[in-house]
Every structure is written in C-alpha cells, then in structure tokens.
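Have a look at the structure below before the remarks.
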Amino acid sequence: MPRVFVQGNPVDYYPRHAPEARSGSVRRITETGEDVLHRPCRDVTEFGPDLAALIDDMFLTMYIADGAGLAANQVGIDLRLFVYDCPDDDGVRHVGHIVNPVLAAQDPAGRRLLDDSEGCLSVPGAAMDVPRPDRAVVHGQDKDGNPLTLEGTGYFARCLAHETDHVNGRVYLDRLSKRERKEALRQMADRREDVYARRAANIEALTS
Ligand SMILES: [Zn+2]
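Residue numbers (numbering that gives the first Met the number 0): 0 to 207.
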C-alpha cells in the first residue's frame, strides 16, 4: 500500500510540506461567528493563476496552524475550495486540493457513523466528538478545471466531510447539541490565546 496519495493518486515520494506552501503567503484565519463561515460559498468559475496562488496561500496557512484541512472561507474567501494534508486510520497520508467539492450521497443502510474527536482552525483550541460516516466520496475539480474524485476512510473521511461542510457554510459546531456547542466555545475561550501564540511561533519557524 503506498503511504502517500496526492490528488487521489499514489506517489513514491512526497516532501514534509506540499511544495505549494513554499510560494504561499500566510493569511488570517477566520473565526466562528464571522459571516463568511456561515453562508454557502460561491462556485469557482475562473481557473487560473489567481486560484493557484490562493491554493498556495491556503497550504502555507494550514501548515502554520498545524491543520489537516482548510477551506477558502477560513481565509475569508467565499469560494468552494479546500486543501488538505491528512492521515487516514491506516497511516496513509492524503494531500491535495479540490475545487467545487460535493459530498456524494450515501446509502443510509450501508453507512456507519463513527464518533471521534474533531477540531477546527476556526474554533481555535476546542475539540469535540462529532459523528461522521466512516467513508466519504467527494466529487469536484482540480485547479485547472479537470474532474477530480477523492475518496477517504477513517480520519480522512472525517476531514473530507468537515471541509465540504465549510464550503456549504457549516462549521462542526452546527452538528453539536446546544450544550456541546457551549462546551466547545468555553474550550475556545480558555485556549484561544495559546493557539495563537503557537501559530505565531510556527510563522517564525516555517517562513524564516
Ligand atoms: Zn474546520
């Protein structure tokens, strides 16, 4: 079994960080409560250098924040697009981006929901159990407009579902009970400053 898949395809070697990050700039990460995170994003219709540059920025910003995935509205851009660098439960690493992602519907009969801890760069410092299907298929395009399908299991399936939620204007807090949401926001209030301090240190380490 190959250990790394890039854009859904196995590769023999891949560096620690996606090469896109090298040409990117760090962007500010939006926080839950900001409008751009709570409404559906627009379809990407222009495929070109601006889109590629946004993807570069998103990779770097994701690494700075120690994230496994990042959607465009998490850097304030309301376009349907996310990047990811995420392991699955078999230790296989998945890296890439997808434009205009749509989560494939699943037969409820064959669907298995897993409860596992989930966090979000836009809810800094909080982690809560969220039920998600153990498998996810996302259809979309790559940055050049070519059709792309991503398939994941375990933690990577969780990532695909979480990021597709983002472009649809949902954060994982929307999937929690009122009491759980309150707990997540309490954790965020407690740990937010530590998270921002760590990101600032990472900017020093990764961009100098
Ligand atoms: Zn998130």
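Each residue gets a CB set at the ideal place from its N, CA and C atoms; glycine is no exception.
Quick caveat, the model's predicted, so the values are computed rather than measured.
Taking C-beta atoms as the reference points, R79 and D42 count as a pair closer than 7 Å. Comparing C-alpha distances from Y154 to each of C40, S116, S121 and I76 shows the shortest one belongs to S116. H96 is bridged by DSSP to V82.
With contact defined as three or more Cβ pairs closer than 8 Å, the stretch 49-66 and the stretch 21-31 are in contact.
The residue among A103, D143, Y12 and N72 with its C-alpha nearest the C-alpha of A135 is A103. Relative to ligand 1, the beta carbon of C40 is positioned no closer than 6 Å to any heavy atom. Pairing A204 with Y62, the inter-Cα distance amounts to about 11 Å.
Judged by beta-carbon spacing, C40 lies beyond the 7 Å limit of C85, meaning their Cβ atoms are not closer than that value.
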